[in-house]
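*Asks:* Structure provided below as structure tokens; questions to follow.
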Amino acid sequence: YKIPYDTTKFVIESIKEVVKTFVEALILVIIVMYMFLKNFRATLIPMIAVPVSLLGTFAGLYVLGFSI
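In this note's numbering, the protein residues as written are 83 to 150.
Right under this line is the structure:
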């Protein structure tokens with residue numbers, strides 16, 4: 083049979099854009115937290131919390147059988 087419309091290229095580009103946006107957001111969070119707190123150790127908390135919360139969210143979605 084023939085595939086009328088291939089969406090894989092769109093999905094791959096969308097995933098790349100999400101990863102790029104995530105990295106940019108993480109960098110901005112680190113910079114802003116450091117500017118306000120003036121302490122690198124206090125900046126480590128959001129630097130670790132943001133990726134961990136995202137991983138936890140996706141793990142929960144996977145365990146419960148949901149998909150994006």
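Note that the Cβ used here is the ideal one computed from N, Cα and C, for glycine as well.
Here the structure is a predicted model, which means the values were calculated and not measured.
1) Helix, strand or coil: how does DSSP classify Tyr144 here?
2) Out of curiosity, what's the CA-to-CA distance linking Val114 and Arg123?
3) May I ask which residues mark the beginning and end of the alpha helix (DSSP H) holding Ser96?
4) Thr103 and Ile112: beta carbons closer than 8 angstroms?
5) What is the DSSP secondary structure of Pro128, reduced to helix, strand or coil?
*Replies:* Well, looking at it:
1) Along the sequence shown, one-based indexing puts residue 144 at 62. Note: Tyr144 maps to helix in three-state DSSP.
2) In the sequence shown, counting from the first residue as 1, residue 114 sits at position 32. In the sequence shown, counting from the first residue as 1, residue 123 sits at position 41. Distance between the alpha carbons of Val114 and Arg123: 14 angstroms.
3) Numbered from its first residue, the sequence shown carries residue 96 at position 14. Residues Thr90 to Leu119.
4) Within the sequence shown, residue 103 is the residue found at index 21, counting from 1. Within the sequence shown, residue 112 is the residue found at index 30, counting from 1. In this structure, Ile112 does not lie closer than 8 angstroms to Thr103 by Cβ.
5) As a position in the sequence shown, residue 128 is number 46, starting the count at 1. Three-state result, Pro128: helix.
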